[in-house]
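S.K.:
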Amino acid sequence: MPGQLPRIDEFLRRLHLGSEVYYVGQLCDAWHMSTPGGSDATTFHVLCHGEAWIHLPGGTAATPMRPGDIAFFQHDAAHTFSAQPVIPQQPFDHSRPAPLDKQAPGAGLLCGHLKLPAHIRRLLLASFPEFMLIRPDDSPTGHPMRALIEMMIEEATLNDFGVTAILDRLSDALFLHVIRHALHRDPRLSPLLAALADDRLRLAVCAFIDAPAEIWTVDRMARLACQSRSAFSQHFAQVTAMAPMEFVTLWRMQRAARLLVAQNRNIPDIAQQCGYQSEAAFRKAFKRVIGITPGKSRQAS
1 MPGQLPRIDE FLRRLHLGSE VYYVGQLCDA WHMSTPGGSD ATTFHVLCHG EAWIHLPGGT
61 AATPMRPGDI AFFQHDAAHT FSAQPVIPQQ PFDHSRPAPL DKQAPGAGLL CGHLKLPAHI
121 RRLLLASFPE FMLIRPDDSP TGHPMRALIE MMIEEATLND FGVTAILDRL SDALFLHVIR
181 HALHRDPRLS PLLAALADDR LRLAVCAFID APAEIWTVDR MARLACQSRS AFSQHFAQVT
241 AMAPMEFVTL WRMQRAARLL VAQNRNIPDI AQQCGYQSEA AFRKAFKRVI GITPGKSRQA
301 S
């Protein structure tokens, strides 16, 4: 899909990921640590050294992790890490993590999270599995991912100023590598990339993305795709798991949210740039998708 890469890159570069590393530490003896899940965050865990096992609810067998592996959860699902295939009885006290030490017994773990707005998650990650174990050495994009992980681990062992801030920024890059890894394996995991990769949808979707301020209907998109309205709608839903006009609205709202932050323009102008002739209709759509009014979104940012 080389011809569509500029559109994808432009979308990704505009994302404000805000990743945060919330745990870096050495785990010793028969340790285990759990999270109940339930938040709206996307979480990831990197095994720095040693070995660990991931336990998911539902009685499935524990999954082993090797150094450099990434455990990625699209949502903050309940899970447990432990030193053994069977969870020890005594939990590890991780309130005061010991510094990473590759020479010490046990394992080193680096954990982070980020909060993606629901509309961005819907466009980008909607078909991702809830849990992925990524082994960089087995990944089609593994070499740069492995280099980044090694840089993060080295940074995490330093006792120097700016370590936390640097790890947060590197976590942004790690998240993008995870996206790249998953979509190299299967572009259909992302509604956005699935639409751009599909021969029957690409022309209409690209035309809309390049000119979202114009008047768009399912009929117009179907004509560009040389299909009937019903055939286009059905195929679009099969490929992206959403209706064409839902995709149009989500794309316009992510653009609107960006314009509210990046440009000192009034809301009626932004509404027109996003394809709304009526400010009232724009405000209503924005609140339905984003959850707050355009004015509050601008204030919050």
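Numbering (the working numbering), first residue to last: 1 to 301. From the three backbone atoms N, C-alpha and C, an ideal C-beta is built for every residue, glycine too.
#1: Helix, strand or coil for Gln84 per DSSP?
#2: Classify Glu214 as helix, strand or coil using the three-state DSSP reduction.
#3: Which runs of the alpha helix (DSSP H) fall wholly inside the stretch 153 to 234 and span at least 4 residues, in chain order?
#4: Taking 6 Å as the limit between beta carbons, can you name the residues of its chain near Ile317, skipping five residues before and five after?
#5: Whole angstroms is fine: what's the gap from Leu116's alpha carbon to Phe11's?
#6: Could you please give the first and the last residue of the uninterrupted alpha helix (DSSP H) stretch that includes Ala52?
#7: Just confirm the distance between the C-beta atoms of Trp306 and Pro85, as a whole number of angstroms; I'd bet it's less than 8 Å.
#8: Roughly how many angstroms separate the alpha carbons of Leu174 and Thr141, rounded to a whole number?
#9: Can you list, in chain order, the residues of its chain with a C-beta nearer than 8 Å to that of Ala213? Leave out the 5 residues immediately preceding and following it.
#10: If you follow the alpha helix (DSSP H) that Thr249 is part of, which residue opens it and which one closes it?
#11: From the DSSP output, which residues share a beta bridge with Ala118?
#12: My guess is that Phe131 and Leu56 are in contact by the Cβ rule of under 8 Å, so how many angstroms apart are they, rounded?
#13: Which residue marks the beginning of the beta strand (DSSP E) containing Pro64, and which one marks its end?
#14: Which residues does DSSP list as the beta-bridge partners of Ala300?
#15: Using a 10 Å radius around the Cβ and a threshold of 16 neighbouring Cβ atoms, would you call Leu183 buried or exposed?
#16: Between the C-alpha atoms of Gly41 and Leu167, what's the straight-line distance to the nearest angstrom?
#17: Under the rule that 16 or more other beta-carbon atoms within 10 Å means buried, what is Gln299, buried or exposed?
#18: Where does Gln26 fall in DSSP's three states?
#19: Have a look at Phe128 and Phe44 and give me their C-alpha separation to the nearest angstrom.
#20: Is the shortest distance between the beta-carbon of Leu148 and the beta-carbons of chain B less than 8 Å?
#21: Ordered along the chain, which non-local residues of its own chain (more than five positions away) have a Cβ less than 8 Å from that of Arg122?
#22: Of the choices Gly106, Ala156 and Asp199, whose alpha-carbon is the least far from that of Ala30?
#23: Pull up the distance between the alpha-carbon of Ser233 and that of Leu259, whole angstroms please.
#24: Please classify Glu130: does DSSP put it in a helix, a strand, or coil?
#25: On a Cα-Cα basis, can you pick out the residue from Val239, Gly58, Gly68 and Arg96 that is closest to Arg200?
#26: Do you know whose CA, among Asn159, Val163 and Met145, lies nearest Leu318's CA?
#27: So, is Phe286 buried or exposed, given that buried needs 16 or more other C-beta atoms within 10 angstroms?
#28: Could you give the distance in angstroms between the alpha-carbon of Leu203 and the alpha-carbon of Met152?
#29: Whole angstroms are fine: how far does the CA of Glu154 sit from the CA of Asp160?
M.R.: In terms of the structure at hand:
#1: Within the sequence shown, residue 84 is the residue found at index 84, counting from 1. It is coil, neither helix nor strand.
#2: Counted from its first residue, the sequence shown places residue 214 at position 214. If DSSP states are grouped into helix, strand and coil, Glu214 belongs with coil.
#3: 163 to 185, 191 to 197, 202 to 210 and 218 to 224
#4: Outside the displayed span of the chain (1 to 301) sits residue 317, for which this structure offers no information.
#5: As a working mapping, residue 116 is identified with position 116 in the sequence shown. As a working mapping, residue 11 is identified with position 11 in the sequence shown. One C-alpha to the other measures close to 14 Å.
#6: Mapped onto the sequence shown, residue 52 falls at position 52. That residue, Ala52, is in no alpha helix (DSSP H); its beta strand (DSSP E) goes Ala52 to His55.
#7: There is no way to answer for residue 306, as the model of the chain reaches only from 1 to 301.
#8: Reading the sequence shown from its first residue, position 174 is the one you call residue 174. Reading the sequence shown from its first residue, position 141 is the one you call residue 141. Each residue's alpha carbon lies about 12 Å from the other.
#9: As a first step, residue 213 is located in the sequence shown; it is residue number 213 there, counting from the start. Result list for Ala213: Gln272, Gln273, Cys274 and Gly275, in chain order.
#10: As a first step, residue 249 is located in the sequence shown; it is residue number 249 there, counting from the start. Looking at the DSSP string, the run of the alpha helix (DSSP H) that includes Thr249 is Pro244 to Ala262.
#11: Taking the first residue of the sequence shown as position 1, residue 118 is located at position 118. Bridge partners of Ala118: none, in fact.
#12: As a position in the sequence shown, residue 131 is number 131, starting the count at 1. As a position in the sequence shown, residue 56 is number 56, starting the count at 1. Sure, about 6 Å apart at Cβ, within 8 Å.
#13: By one-based count along the sequence shown, residue 64 stands at place 64. Per DSSP, Pro64 belongs to the beta strand (DSSP E) from Thr63 to Met65.
#14: Along the sequence shown, read from residue 1 onward, the residue named residue 300 stands at position 300. Looking at the DSSP assignment, Ala300 forms no beta bridge with any residue, so it has no partner.
#15: The residue labelled residue 183 in the question sits at position 183 within the sequence shown. The residue is buried, with at least 16 neighbouring Cβ atoms inside 10 Å.
#16: On the sequence shown, residue 41 is found 41 positions in, with the first residue counted as 1. On the sequence shown, residue 167 is found 167 positions in, with the first residue counted as 1. According to the sequence as given, residue 41 is Ala; it is not Gly. About 18 Å.
#17: Against the sequence shown, residue 299 aligns to sequence position 299. Gln299 is exposed by the Cβ-count criterion.
#18: The residue labelled residue 26 in the question sits at position 26 within the sequence shown. It is a strand residue.
#19: Here residue 128 is taken as the residue at index 128 of the sequence shown, counted from 1. Here residue 44 is taken as the residue at index 44 of the sequence shown, counted from 1. Phe128 and Phe44: Cα-Cα distance of roughly 14 Å.
#20: The question asks about chain B, but that chain is absent: this structure has only one protein chain.
#21: Along the sequence shown, one-based indexing puts residue 122 at 122. Counting only Cβ-Cβ distances below 8 Å, and skipping sequence neighbours, we find Pro191, Met242 and Leu250.
#22: Within the sequence shown, residue 30 is the residue found at index 30, counting from 1. Closest by alpha carbon: Gly106.
#23: Within the sequence shown, residue 233 is the residue found at index 233, counting from 1. Within the sequence shown, residue 259 is the residue found at index 259, counting from 1. Roughly 29 Å between the two C-alpha positions.
#24: If you number the sequence shown from 1, residue 130 lands on position 130. The answer is coil: DSSP assigns Glu130 none of H, G, I, E or B.
#25: In the sequence shown, the residue the question calls residue 200 occupies position 200. Nearest of Val239, Gly58, Gly68 and Arg96 to Arg200, Cα basis: Val239.
#26: Because the chain in this structure spans residues 1 to 301, residue 318 falls outside the shown range and cannot be described.
#27: Walking along the sequence shown from the start, residue 286 turns up at place 286. Classification for Phe286: buried.
#28: Start at 1 with the first residue of the sequence shown, and residue 203 comes out as number 203. Start at 1 with the first residue of the sequence shown, and residue 152 comes out as number 152. Approximately 40 Å, taken between the alpha carbons.
#29: Counting from 1 along the sequence shown, the entry for residue 160 is found at position 160. Counting from 1 along the sequence shown, the entry for residue 154 is found at position 154. Cα-Cα distance, rounded: 12 Å.
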